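Contents: one structure, followed by commentary.
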Amino acid sequence: MTTSIGKYVLLATSFLCSNALHAQSKKSLKIIIDDTRTFQTIHNFGASDAWACQFAGNWPDDKKNKMADWLFSLDTTANGQPKGIGLSMWRFNLGAGSSQQGDASGIKDEWRRAESFLEQNGRYNWERQAAQQWFLRAAKQRGVPYFLAFLNSPPVQFTVNHKAYADSGRCNIDSAQYPAVAAYVAAALKGLEQQTGIVFNYISPVNEPQWDWSDGGQEGCPYSNREIAGIVRSLSGALQRERVEAGILLPEAAHLKYLLADDDKPGRGNQIDAFMSPGAEEYVGDLPAVAPVIAGHSYFSTSPYDASVALRRQVAGRVAGIDGLSFWQSEYCILGDNNGEIDGNKRDTGIQAALYVARTIHTDLVIGNATAWQWWLAISPYDYKDGLIYIDKNKTDGNLQDSKILWALGNYSRFIRPGMQRINASAPETGDDLLVSAWKDAKNQKIVVVIVNTGDEEKIVDLSLSGNKMMETYTTSAHQALGKAYVSGPLRIGPERIVTVVM
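Residue numbers for the sequence shown, in mature numbering (1 follows the signal peptide of the UniProt record, and there is no 0): -23 to -1, 1 to 480.
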């Protein structure tokens, strides 16, 4: 055991055996954990209720409770096996009303439409989005501490074309309607609090403003930075007047590159400086309701790995240049072909997709210095790598299945709790196939280490910082889902698995 004040050495050894000679060659890999070198404090890990929760919340009690347990529970079975991944943020889709419009909405897939609390007669109907409200309550009952509401489009009553998607890539809300949208959001958050007892901590008024959202594939609205600033100023005022304490989250950029530069979207990029740098024309960081957070999505930026790392270093550096600002990775699933590494098409409930997601989480947290990490569809009916849980495309009942992506996220979300701080984990000789992050729970005097072995060889790790003390491990692999074990001494990290160590 090698020790110094605040430093610990973890020895990792990779064994290669010759069948003929039974010879053993080994390479010792030092992993140094230094809890005196601290980085970001975690705020949350989350997922959204779009779109399937509007139907899954009407499924039989045993099935929807099973889904809620998988997503939110911190409980264990009698043998200590986790029941769920303990998400600490739940994102509620505040719909635009395309569901009430039916086929006239122009959104072909009924599951991608969304209800609004605002009816065409101008009255609020709090029985709308009832199945989504069931999941809100289920999350609260299971201890989820943070809630966020998000709009993909303003309500159809206020849009230019009276639909929940745009025409020809033009913003679908006129500036004269900003106050009406702001008033609706404030009323919806207050109404939801009265209905569910849940106080929303955050409101996200725009989503991926760089895209055109003109094909009727889902609710959506494009915005320029100027238009976003206008909506945010109206919304901040409305929240203050109505004494709604939700912080405004911006801008949910469609690609992390748009946080740094305009790139191919003039007037819709460079969003860290545009919204959070004093003196900028669209600066809104000083508004009382605006959260000191910049949010972007990790889509299309996770492969190749070297490019992924370089981009996140740029994001972290730019965010660090603005006092008090944090970065949230606020939406991700596997989209596109990812430079040939993995394709978003077709479900993959197995370990390969989970390992890719675990690598993405690690990179966003350790290189990007993200203080929050959020998945897109908590529940999916699609043949795509977009869900944590998969269900039949049936409104009232059907089959459900967990995925290894769910449990891989759980290797982080269940154990790295809000308020925990990342500490330095140096592993210079391990290569890209062994990813290590370490986290400190100062309140409970615990250290959590998450190890991702994407390679095809076993690694043997000697967690010397704990001496001979028994450690808890939780493993997600092809055959395990946060499988619990107790280990003292060397820890075997098998190939293609994610292991969380609690000590």
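The C-beta atom is built at its ideal place from N, Cα and C for all residues, glycine as well.
A quick note: this is a predicted structure, and the numbers were derived from the prediction, not measured.
- The beta carbon of Ala462 sits closer than 6 Å to the beta carbons of Thr450 from its chain, once the five residues preceding and following it are set aside; these are given in chain order.
- Note that the C-beta distance between Leu71 and Leu125 is not below 7 Å.
- In the DSSP annotation of this structure, the continuous segment of the beta strand (DSSP E) that includes Ser25 starts and ends at Asn21 to Ser25.
- Distance from the Cα of Gln17 is smallest, within the candidate group Tyr367, Ala160, Gln306 and Leu342, for Leu342.
- Distance between Gly387 and Tyr200, taken at the CA atoms: about 34 Å.
- Collapsing the DSSP output to three states places Met253 in a helix.
- If the five residues before and after Gln171 are omitted, its C-beta is found closer than 8 Å to the C-beta atoms of Trp103, all from its own chain and listed in chain order.
- Closest in alpha carbon position to Val270, among Met253, Val334 and Gln378, is Met253.
- Apart from sequence neighbours up to five positions away, the residues of its chain that approach Glu259 with a beta-carbon distance below 8 Å are Asn202, Arg203, Ile205, Ala206, Ala251 and Phe252, ordered along the chain.
- Among the bridge pairs identified by DSSP, Tyr123 is matched with Met66.
- Going by beta carbons, Ala268 and Ser307 fall outside the 7 Å limit.
- Burial check for Thr348: the Cβ neighbour count within 10 Å reaches 16 or more, so the residue is buried.
- The C-beta distance from Val292 to Leu233 rounds to 6 Å, short enough to meet the 8 Å contact threshold.
- Bounds of the alpha helix (DSSP H) holding Thr173 are Tyr155 to Thr173.
- Comparing alpha carbon positions, the residue from Asp86, Gln78 and Ile84 closest to Ser93 is Gln78.
- Judged by beta-carbon spacing, Leu48 lies beyond the 7 Å limit of Ala284, meaning their Cβ atoms are not closer than that value.
- When Cβ pairs closer than 8 Å are counted between the two stretches, the region 333 to 340 is seen not to touch the region 37 to 48, the count staying below three.
- By the Cβ test, the region 108 to 115 is in contact with the region 24 to 37, since at least three Cβ pairs between them sit closer than 8 Å.
- Note on geometry: alpha-carbon atoms of Gly214 and Val162 lie some 12 Å from one another.
- The secondary-structure analysis by DSSP pairs Ala223 with nothing; it has no beta-bridge partner.
- Membership of Glu204 in any beta strand (DSSP E) is not indicated; the residue belongs instead to the alpha helix (DSSP H) covering Asn202 to Arg218.
- Around the beta-carbon of Lys362, 16 or more other beta-carbon atoms lie within 10 Å, marking it buried.
- With contacts defined as CB atoms closer than 7 Å, Gly244 and Arg289 fail to qualify as a contacting pair.
- Contact annotation, Tyr123 with Met66: C-beta distance approximately 4 Å; criterion of less than 8 Å satisfied.
- In the DSSP assignment, Trp384 falls outside any beta strand (DSSP E) and lies within the alpha helix (DSSP H) extending over Lys381 to Ser390.
- His339 carries a helical assignment under DSSP once its states are collapsed to helix, strand and coil.
- Phe16 carries a strand assignment under DSSP once its states are collapsed to helix, strand and coil.
- Around the beta carbon of His456, fewer than 16 other beta carbons lie within 10 angstroms, which makes this residue exposed.
- The C-beta distance from Ala81 to Ser357 rounds to 26 Å, too long to meet the 8 Å contact threshold.
- Taking Pro281 as the centre and dropping the five residues before and after it, the same chain places the C-beta of Asn316 and Glu318 closer than 8 Å to its C-beta, in chain order.
- For Lys417, the enclosing beta strand (DSSP E) stretches over residues Leu411 to Asp418.
- For Asn401, the uninterrupted beta strand (DSSP E) segment begins and ends at Gln398 to Ser403.
- Counting the other CB atoms within 10 Å of its CB gives Met448 a total of 16 or more, which places it among the buried residues.
- DSSP places Ala284 within a helical segment (H, G or I) once states are collapsed to three.
- With a cutoff of 7 Å on beta-carbon distance, Ser130 and Glu196 are scored as near each other.
- Put simply, the backbone Cα of Val286 is about 31 Å away from that of Asn178.
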